[in-house]
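Quick note, the sequence shown lines up with residues 11 to 739 if you use this note's numbering.
The structure appears below as structure tokens.
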Amino acid sequence: RNDFQNGEFVIFRVCLHKGFEYPDIGLVLISDRDILPQDKKRSERRSNIDNTKRLKSFNDINIGDYVVHRHHGIGRYVGIHQININNAVKDYLKIQYRGTDVLYVPVDQLDMLYKYTGSQNANVKINKLGGTEWQKTTSKVKKSTGELAINLVSLYAEREAGKGYAFSEDSFYQREFEDRFIYQETEDQLRSIREVKRDMESPKPMDRLLCGDVGYGKTEIAIRAAFKAASDSKQAAYLCPTTVLAMQQYENFCSRMEDFAINVEMLSRFRTPAQQKDILKRVKSGEVDILIGTHRILQKDVQFHDLGLLIVDEEQRFGVGDKEKLKDLKRNIDVLTMTATPIPRTLHMAMIDIRDMSVLSNPPENRYPVQTYVLEHNMTILADAMRKELARGGQVFYLYNRTEGIQRAAAEIQALIPEAKVDVGHGKMPEGRLEDIMYDMVNGNTDILVCTTIIETGLDIPNANTIIIEDADKMGLSQLYQLRGRVGRSNRSAYAYFTYKKDGILSDVAQKRLSAIKEFTEFGSGFKIAMRDLEIRGAGDILGARQHGHMDAVGYDMYCKLLKESIDEIKGGAPAVSGDIDVTIELDVDAYIPDEYIRNHNQRIDMYKRIASIESEEDAVDVIDELTDRYGDIPKSAGNLIDIAYIKVLAKNAAVYNIEQKGSNVFLRFSPGTITMSTVAALVAALPSRILFNASENPYLTYRTAGETNKLLSNIKFMLQTINELKSS
């Protein structure tokens, strides 16, 4: 259109991921996502969403990806195809298997598919449909997971059976302390705090993992937990991976607790031998309530008077020896482990419910994603970026991860930007000197800090909003993500430049790593990063070398499912029958999302995944609300699809494994021994002359539709709801 009027407001139906603005012609174009962020809306509706489910939505399936079907094995996804069967139109995901084998998976069975995640250099073997190849593979992996499960269960059962200390409920002082927090807590923070306190008040020792992206407020949760411990006359220990972080957290704790009778101390190499001796004496006598420190607090000479809580920041940053000492320290006390990018093994533990987990997935208000650039190293461009940051009164991290040559790099930057105050910081410096340098940076006396990865974990300098990393291709993905998290910790726009040597040849792994860090720019990407890290580097070091081949054989998600089954079997608490049922539904109704309703393929797949993951009536309402908000009134075929997804949930609970329509009859097939005659009688009374029951070894109900196709889905829902109500009464 060229006939816009000033002040006119126009709505178009187009696929647009993000809006834009042309000030010169006075035009602003806003997408639905700019005003209705889907993640935020969902979190507001369901702030109590299960933490494990939060983690399972990060595997996007794109055309060409390898996928794993629970019953048929590994194939390649080639797209969505619409098929008309018995005058009912449905969408199917087409999966290409070996040779000319093809499988069409109904979109309501999308929960049967996993994206294949394994080592990128693994020789992915596509299966052939039919035969016993996939069954043999899964049997072999199941045997391996059974052996591993025995070790895992015994390790965690030891803590489960342990008798810990049950902390008192919140005191008046706890509430007063929390009211002094100067920021507004996010819903995730409040929920996570409740979960931590509930664990602490239980007599069973807490072992909770707190996952939250950089700057999401994990420290405040730790501070409140430590205050709760100290208020109950128990000691708390806070274990940090670096000396600088220990120093900064010590200041945070002291600042928050200065008006309360709680003694906070720090034990690290920043303390003199005399100071350390005095601190150790007071820790042993109980005078110190909260001890913050590096791995130094794991040494044998540190003896607590009455330790009740251990907080571990970024456990994956500690070495094997430190982790062994941690195991001894953890016995029968409450443990809170915090991480921004959970290592896949830890993520795995959380996903299979061996470990309690709290997830901070929403950023605080007024925070913006870090704008990320991947480029060849060019000092002219980088100097310009640094000048722009300094011109707005900000500070810069320049990461040069080698102590040899770091002074030369700093001198080059000083020569290019003579007006800047440039300093150097690395781990091999004298302790006092490094402490002074970091204080200067925190206090704004340094403009550009040329440093090594000593800044990687937890350093909080809100005024530093540009980071430049040399040789980024030589670093791990999670490490790059952590480093980028050092900027963007205020309400200012932040910038990250990941550089590699000019004319250098990037390895395949380095290319994937840098592509991933550029792709995952939005907040909350920590979990995606952890999963992509697993994809890139393989699974060999996650559960031991013996598990490497097994995980590659079936993919990460399928491996987790088999391990979960093995753990449940060993625990003796096998999941409920309904949890094991794979429900198939074949009804003669249109069930698909029309192309003209959601034109973008990836958005359509995403919505199919949302619908397939419905687990309650509340989930179904959420999906309906979101579709209506984003795309308008829901077409009949899409509404049918949502109804079928909810029917599948009801069928699982009712132990119905198959619902099939043949002409005017619908058959509901039950697992043996799961339906009673009293239930059948209730259904017959509710729908007289419409219900027949066959009490064979594999019992089934026949429902006569009497040609009422418009009531088909609602009547099936009614029958299943009746069965479930009678089962629970």
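Glycine included, every Cβ here is placed at the ideal spot set by N, Cα and C.
As the structure is a computational prediction, the values presented were derived from the model and not from experiment.
Quick test of the definition: if touching needs 3 or more C-beta pairs under 8 Å, does the segment 138-152 touch the segment 313-326?
no
Express the C-alpha separation of Ile652 and Asn455 in angstroms, rounding to a whole number.
59 Å
Do you know offhand how far Ser588's Cα is from Phe680's?
With a pLDDT of only 39 at Ser588, under the threshold of 50, the placement of this residue in the model should not be trusted; the figure read from the coordinates follows. One C-alpha to the other measures close to 11 Å.
Helix, strand or coil for Glu414? Go by DSSP, reduced to three states.
DSSP, reduced to helix, strand and coil, places Glu414 outside both helices and strands of the structure shown, so it counts as coil.
Quick one: using the 10 Å Cβ neighbour count with 16 as the cut-off for buried, is Tyr114 buried or exposed?
exposed
Does DSSP classify Asn668 as helix, strand or coil?
strand
Which stretch, first to last residue, makes up the alpha helix (DSSP H) that contains Arg494?
Leu487 to Arg494
Counted within 10 angstroms of its Cβ, other Cβ atoms place Pro251 as buried (16 or more) or exposed:
buried
Could you give the first and the last residue of the continuous alpha helix (DSSP H) run that contains Val694?
Met687 to Ala696
Validate contact between the segment 208-226 and the segment 333-352 using beta carbons, cut 8 Å, 3 pairs
The answer is yes - the segment 333-352 touches the segment 208-226, with three or more Cβ pairs under 8 Å.
Tell me, which residues are paired with Ile84 by DSSP?
Val78
Where Val497 sits in the DSSP three-state scheme:
coil
Would you be able to state if there are at least three C-beta pairs under 8 Å between the segment 653-668 and the segment 721-730?
yes
C-beta contact flag for Val112 and Ile580 at 8 Å
no
Tell me the DSSP secondary structure of Asn675 in three-state form.
strand
Got a sec, what are the start and stop residues for the alpha helix (DSSP H) Gln381 sits in?
It is not in any alpha helix (DSSP H) - Gln381 instead sits in the beta strand (DSSP E) that spans Gln381 to Glu386.
Pull up the distance between the alpha-carbon of Asn720 and that of Met617, whole angstroms please.
Rounded to the nearest angstrom, the two C-alpha atoms are 24 Å apart.
Which residue marks the beginning of the beta strand (DSSP E) containing Lys125, and which one marks its end?
Leu123 to Lys125
Of the residues Glu195, Lys484, Tyr507 and Gly36, which one's Cα is nearest the Cα of Gln521?
When only C-alpha atoms are compared, the closest one is Lys484.
Given 7 Å as the limit, tell me if Pro116 has its C-beta closer than that to any heavy atom belonging to the ligand NAP.
Ligands displayed in this structure: none; no statement on the ligand NAP is therefore possible.
Best match in Val254, Arg292, Ile272 and Ala284 for proximity to His305 [C-alpha to C-alpha]
Val254
By Cβ distance, which residues of its chain are closer than 8 Å to Gly303, with the 5 residues on each side in sequence left out?
Answer for Gly303: Ala247, Tyr248, Leu249, Cys250, Ala256, Met276, Leu277 and Ser278, listed in chain order.
For Asp198, report the span of its alpha helix (DSSP H) as first-last.
Glu197 to Met210
Quick check on the DSSP output: the alpha helix (DSSP H) that includes Gly649 runs from which residue to which?
Lys646 to Asn663
Have a look at the DSSP bridge pairing and note the partners of Val593.
Paired residue(s): none; Val593 is not in a bridge.
Classify Asn453 as buried or exposed, calling it buried when 16 or more other Cβ atoms lie within 10 Å of its own Cβ.
exposed
Which of helix, strand or coil DSSP assigns to Ile515
coil
For the alpha helix (DSSP H) containing Glu575, name the first residue and the last one.
Tyr566 to Lys581
Taking C-alpha atoms, which residue in Leu490, Thr476 and Ala695 lies nearest to Tyr505?
Thr476
Residue burial classification, Ala655 (beta-carbon count within 10 angstroms, cutoff 16):
buried
What's the call for Tyr383, buried or exposed, on a 16-neighbour Cβ count within 10 Å?
Flag for Tyr383 reads exposed.
Straight-line Cα distance separating Ile701 from Leu711:
Leu711 and Ile701: Cα-Cα distance of roughly 7 Å.
What runs of the beta strand (DSSP E), each 3 residues or longer, lie entirely inside the segment 273-327?
274-277, 300-303 and 317-323
Have a look at Tyr102, Glu480 and Ser724 and flag the residue whose alpha-carbon is nearest the alpha-carbon of Leu120.
Tyr102
Backbone secondary structure at Pro116 - three-state DSSP:
Pro116 falls in the strand class under three-state DSSP.
Flag this pair as touching only if the segment 122-129 and the segment 558-573 have three or more C-beta atom pairs under 8 Å; answer yes or no.
yes
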